[in-house]
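Peer 1:
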Amino acid sequence: MREIAGTSKAGYFKAIKAAKNKHWSSFLLTATPQSLWTAKRFIYGRAQPRFPSLPGAETPQQMNEVLLDHFFPPKEPFSPPPRLRPHNSVPPLTTEEIAAALSKFSPTSAWGPDGIPYSTWKQVNKVNPSILLQIHAPLILLGYDPASLKSSNGVVLDKPGKPSYESPASFRIIVLIRTFSKILERIIAARLLTTARLKGLLHPNQCGSLPALSTYDACLTLTNDVRTLQRPRLKVSSRFLDIKAGFDNVDNNTLARILREGGRPPYLVSWVSSFLGERSCTLIFQGAPRTPAPFNVGAPQGSPISPLRFLLYVAPLHFKIRRGLMISYVDDFALTVASLSYRGNIRRLQELFEKLERKASPLGVSFSVAKTELIHWRTPSLRHPPKCVSHIQIKGEMFHPGNSVRWLGYWFTPALDPAAHFSRRLALCPGCVRHYTTPQPARSGPPPLPMP
2 MREIAGTSKA GYFKAIKAAK NKHWSSFLLT ATPQSLWTAK RFIYGRAQPR FPSLPGAETP
62 QQMNEVLLDH FFPPKEPFSP PPRLRPHNSV PPLTTEEIAA ALSKFSPTSA WGPDGIPYST
122 WKQVNKVNPS ILLQIHAPLI LLGYDPASLK SSNGVVLDKP GKPSYESPAS FRIIVLIRTF
182 SKILERIIAA RLLTTARLKG LLHPNQCGSL PALSTYDACL TLTNDVRTLQ RPRLKVSSRF
242 LDIKAGFDNV DNNTLARILR EGGRPPYLVS WVSSFLGERS CTLIFQGAPR TPAPFNVGAP
302 QGSPISPLRF LLYVAPLHFK IRRGLMISYV DDFALTVASL SYRGNIRRLQ ELFEKLERKA
362 SPLGVSFSVA KTELIHWRTP SLRHPPKCVS HIQIKGEMFH PGNSVRWLGY WFTPALDPAA
422 HFSRRLALCP GCVRHYTTPQ PARSGPPPLP MP
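The sequence shown begins at 2 in the numbering used here and counts up one residue at a time.
(1) Should residue 401 be labelled buried (16 or more other beta-carbon atoms within 10 Å of its own) or exposed?
(2) Reducing DSSP to helix, strand and coil, say where residue 145 ends up.
(3) Can you tell which of 99, 169, 85 and 238 has the C-alpha that lies nearest to the C-alpha of residue 189?
(4) Taking the DSSP output, what are the residues bridged to residue 408?
(5) The beta strand (DSSP E) spanning residue 243 covers which residue range?
(6) Pull up the distance between the alpha-carbon of residue 448 and that of residue 20, whole angstroms please.
(7) Could you check the C-alpha separation between residue 16 and residue 38 for me, to the nearest Å?
(8) Using the Cα positions of residue 324 and residue 56, report the straight-line distance between them to the nearest angstrom.
(9) Measuring straight from C-alpha to C-alpha, what distance separates residue 321 and residue 118?
(10) Does the segment 371 to 380 come into contact with the segment 406 to 418, if we say contact requires no fewer than three beta-carbon pairs (one atom in each stretch) closer than 8 Å?
(11) Whole angstroms are fine: how far does the CA of residue 157 sit from the CA of residue 27?
(12) Near residue 345, which residues of its chain fall below 8 Å by C-beta distance, leaving aside the five closest residues on each side in sequence?
(13) Runs of 3 residues minimum, wholly inside the segment 247 to 295: which ones carry the beta strand (DSSP E) assignment?
(14) Give the DSSP-derived three-state secondary structure of residue 335 in the structure shown.
(15) Can you tell me whether residue 128 is helix, strand or coil according to DSSP?
(16) What separation, rounded to the nearest whole angstrom, lies between the Cα atoms of residue 186 and residue 231?
(17) Quick check on residue 449: does DSSP put it in helix, strand or coil?
(18) Could you have a look at residue 329 and say whether DSSP puts it in helix, strand or coil?
(19) My output table needs one value for residue 225: the three-state DSSP class, helix, strand or coil.
(20) Candidates 90, 126, 209 and 116: which alpha carbon is nearest residue 104's?
(21) Is residue 265 a contact residue of the ligand COA, with contact defined as CB to any heavy atom under 7 Å?
(22) Less than 8 Å separating the beta-carbons of residue 329 and residue 206?
(23) Does DSSP put residue 341 in a helix, in a strand, or in coil?
(24) Since residue 318 and residue 361 are thought to touch, with beta carbons under 8 Å apart, how far apart are those beta carbons, to the nearest angstrom?
(25) Identify the continuous beta strand (DSSP E) that holds residue 158 and give its terminal residues.
(26) Give me, in chain order, the residues of the same chain whose beta-carbon lies closer than 7 Å to that of residue 290; leave out the 5 immediate sequence neighbours on both sides.
(27) Using a Cβ-Cβ cut-off of 6 Å (strictly less than) and excluding sequence neighbours within five positions of residue 342, which residues of its own chain qualify?
(28) Taking Cβ positions, are residue 332 and residue 244 nearer each other than 8 Å?
(29) Between the alpha carbons of residue 8 and residue 24, how many angstroms are there, rounded?
(30) Report the CB separation of residue 261 from residue 393 in whole angstroms; it is logged as a contact under 8 Å.
(31) Exposed or buried, residue 404, counting other C-beta atoms within 10 Å across all chains shown (16 or more means buried)?
(32) Could you check the C-alpha separation between residue 145 and residue 123 for me, to the nearest Å?
(33) Taking only the alpha-carbon atoms, compute the straight-line gap between residue 382 and residue 209 and give it to the nearest angstrom.
(34) What first and last residue would you give for the beta strand (DSSP E) that runs through residue 179?
(35) Where does residue 167 fall in DSSP's three states?
(36) What does DSSP give as the partner residue(s) for residue 368 in the beta ladder?
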């Protein structure tokens with residue numbers, strides 16, 4: 002009897018394993034571009050977060066202070082807001098605006114110190130829309146963001162692929178803000194975006210964090226302009242730049258001046274100015290003391306309005322380029338020029354970079370030299386690179402043109418061959434690529450649920 006039970010048990014688990022393997026193979030054969038990343042997650046799993054091990058920080062309190070000094074370096078405190086008074090000519094807040102803001106949030110998104118998920122606020126607004134309306138309307142009328150909404154949690158995560166994790170630069174912080182505060186921030190961001198576009202405060206070549214302007218649009222614009230500049234048989238080159246600690250360098254007073262000179266409504270200028278003062282953050286990592294600490298930062302990441310604030314702040318950096326193009330995606334810039342030779346392009350790129358630095362200096366922003374990349378584009382008929390390819394020099398460092406450049410998640414080659422990009426995106430594992438490239442049978446129903 003015991004032998005029969007053992008045989009039945011082994012057959013039971015063997016049948017389950019065979020069913021899983023069969024279902025997994027079927028899932029890979031019918032995988033879509035979206036579900037392919039689900040397959041990758043099942044195969045590789047999720048890496049365990051690394052515990053920060055920083056020199057000179059032996060206790061959790063010391064480690065907390067080192068991370069705070071790195072991510073939120075001390076700055077001059079913001080001036081206290083003036084006496085609160087209702088602004089004139091403020092468009093009344095509507096329930097439609099609140100519903101539109103709530104619709105942008107996912108019920109599964111992480112919440113901040115308040116511990117209230119967005120699904121709760123959506124249900125509250127569904128049952129009684131006047132509750133959120135009566136709370137948010139006075140804050141918009143006064144142009145004020147209260148200190149009670151400015152506490153946040155900073156989750157410390159390690160950056161993958163770093164050779165060492167003994168430096169704060171090997172980690173990043175995800176700031177989780179109160180969900181109630183983010184509703185108000187999204188309402189203000191929607192109003193500010195509408196007026197900014199009407200007044201022309203955003204440059205047409207700015208992409209990212211804007212509706213209907215994604216990385217695809219930026220990369221497609223770059224590709225199209227490169228091909229257009231090549232038609233008169235000109236040599237085309239691009240230089241890719243990255244603003245160093247862009248969000249942290251937004252100066253509140255300078256941004257307020259840009260908004261005032263741009264004709265923004267006073268209540269929006271007042272709210273944006275009060276948004277950054279009296280903020281606090283609690284770092285969360287293994288063994289963290291979890292003590293709130295005040296911090297000053299130009300534009301806290303994780304806030305719905307921070308990307309728009311940054312775009313408005315760096316919009317003055319854009320300028321027209323004769324026989325060329327400047328395009329940006331948030332803090333990533335690309336300078337493209339065309340001339341009769343690659344050496345001529347290098348001279349032009351040097352001059353344009355110096356001009357860009359002069360415009361960036363009053364804003365207090367600079368560009369990361371280590372992240373600079375250069376590429377000389379080639380036409381499809383020119384299959385081999387030229388014998389003499391010019392390099393560029395930046396602050397004593399030499400940068401040679403690359404055979405492939407990664408910008409905004411896309412891999413570019415000098416000949417603009419898309420195979421370089423797709424070969425990397427499909428390089429999950431030999432098994433996934435083999436199954437994905439196998440001819441797919443016709444589907445006869447909904448796709449199967451993934452199972453490892």
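Think of the CB as a built atom: it goes at the ideal place given N, C-alpha and C, for glycine as much as any other residue. Note that this is a predicted model, so its numbers are computed, not measured.
Peer 2: Concretely, from the data shown:
(1) As a first step, residue 401 must be located in the sequence shown, where it is residue number 400. It is exposed - the Cβ of residue 401 has fewer than 16 other Cβ atoms within 10 Å.
(2) What you label residue 145 is simply residue 144 of the sequence shown in a count that begins at 1. Residue 145 sits in coil when the DSSP states are folded into three classes, being neither helix nor strand.
(3) Looking up residue 189 in the sequence shown gives position 188. Nearest option by C-alpha distance: 99.
(4) By one-based count along the sequence shown, residue 408 stands at place 407. According to DSSP, which records beta bridges pairwise, residue 408 is partnered with 411.
(5) By 1-based counting over the sequence shown, the position of residue 243 is 242. From DSSP, the beta strand (DSSP E) with residue 243 extends over 236 to 243.
(6) In the sequence shown, counting from the first residue as 1, residue 448 sits at position 447. In the sequence shown, counting from the first residue as 1, residue 20 sits at position 19. Bear in mind that a pLDDT of 39 at residue 448, under 50, signals an unreliable position, so the model cannot answer this.
(7) As a working mapping, residue 16 is identified with position 15 in the sequence shown. As a working mapping, residue 38 is identified with position 37 in the sequence shown. Distance between the alpha carbons of residue 16 and residue 38: 27 Å.
(8) Counting from 1 along the sequence shown, the entry for residue 324 is found at position 323. Counting from 1 along the sequence shown, the entry for residue 56 is found at position 55. Approximately 50 Å, taken between the alpha carbons.
(9) Looking up residue 321 in the sequence shown gives position 320. Looking up residue 118 in the sequence shown gives position 117. When rounded, the distance between both Cα atoms is 45 Å.
(10) The segment 371 to 380, when compared against the segment 406 to 418, does touch it at the 8 Å Cβ threshold.
(11) Numbered from its first residue, the sequence shown carries residue 27 at position 26. Numbered from its first residue, the sequence shown carries residue 157 at position 156. Those two C-alpha atoms are separated by around 38 Å.
(12) Within the sequence shown, residue 345 is the residue found at index 344, counting from 1. The beta carbon of residue 345 lies closer than 8 Å to those of 236 in the same chain, with the five residues before and after it left out.
(13) List check, beta strand (DSSP E) in window: 281 to 285.
(14) Here residue 335 corresponds to residue number 334 of the sequence shown, with the count starting at 1. Three-state DSSP puts residue 335 in a strand.
(15) Numbered from 1 along the sequence shown, position 127 holds the residue referred to as residue 128. In the structure shown, residue 128 sits in a helix (DSSP, three-state: H, G or I).
(16) As a first step, residue 186 is located in the sequence shown; it is residue number 185 there, counting from the start. As a first step, residue 231 is located in the sequence shown; it is residue number 230 there, counting from the start. Each residue's alpha carbon lies about 44 Å from the other.
(17) The sequence position of residue 449 within the sequence shown is 448, counting from 1. Below a pLDDT of 50, predicted positions are generally treated as unreliable, and residue 449, at 38, falls in that range; the measurement from the model is reported next regardless. In the three-state reduction of the DSSP assignment, residue 449 falls in the coil class.
(18) Position 328 of the sequence shown, counting from 1, holds the residue named residue 329. Strand, per DSSP.
(19) Reading the sequence shown from its first residue, position 224 is the one you call residue 225. Assignment of residue 225 by DSSP, reduced to helix, strand and coil, places it in the helix class.
(20) In the sequence shown, counting from the first residue as 1, residue 104 sits at position 103. For the residues 90, 126, 209 and 116, the minimum Cα distance to residue 104 belongs to 126.
(21) Of the ligands one can find in the structure shown there are none, so the ligand COA has no counterpart to examine.
(22) On the sequence shown, position 328 is the one that residue 329 refers to. On the sequence shown, position 205 is the one that residue 206 refers to. Closer than 8 Å, so yes.
(23) Counted from its first residue, the sequence shown places residue 341 at position 340. Coil at residue 341, not helix or strand.
(24) As a working note, residue 318 is residue 317 in the sequence shown. As a working note, residue 361 is residue 360 in the sequence shown. Residue 318 to residue 361, Cβ: 6 Å. Contact.
(25) The residue given as residue 158 occupies position 157 in the sequence shown. Looking at the DSSP string, the run of the beta strand (DSSP E) that includes residue 158 is 152 to 159.
(26) The sequence position of residue 290 within the sequence shown is 289, counting from 1. The answer, listed in chain order, is 61, 62 and 65.
(27) Within the sequence shown, the letter at position 341 stands for residue 342. The answer, listed in chain order, is 236.
(28) What you label residue 332 is simply residue 331 of the sequence shown in a count that begins at 1. What you label residue 244 is simply residue 243 of the sequence shown in a count that begins at 1. A contact, by the Cβ cut-off of 8 Å.
(29) Position 7 of the sequence shown, counted from the start, is the residue given in the question as residue 8. Position 23 of the sequence shown, counted from the start, is the residue given in the question as residue 24. Going by the C-alpha atoms only, they are around 24 Å apart.
(30) Looking up residue 261 in the sequence shown gives position 260. Looking up residue 393 in the sequence shown gives position 392. Contact between residue 261 and residue 393 fails: their C-beta atoms lie close to 38 Å from each other, not under 8 Å.
(31) Start at 1 with the first residue of the sequence shown, and residue 404 comes out as number 403. Around the C-beta of residue 404, fewer than 16 other C-beta atoms lie within 10 Å, and the residue is accordingly described as exposed.
(32) By one-based count along the sequence shown, residue 145 stands at place 144. By one-based count along the sequence shown, residue 123 stands at place 122. When rounded, the distance between both Cα atoms is 24 Å.
(33) As a working mapping, residue 382 is identified with position 381 in the sequence shown. As a working mapping, residue 209 is identified with position 208 in the sequence shown. Using only the alpha carbons, I get a separation of about 33 Å.
(34) Taking the first residue of the sequence shown as 1, we reach residue 179 at position 178. Looking at the DSSP string, residue 179 is not in any beta strand (DSSP E), and its letter there is neither H nor E.
(35) Reading the sequence shown from its first residue, position 166 is the one you call residue 167. Coil.
(36) Translated into the one-based positions of the sequence shown, residue 368 becomes position 367. Under DSSP, the beta-bridge partners assigned to residue 368 are 244.
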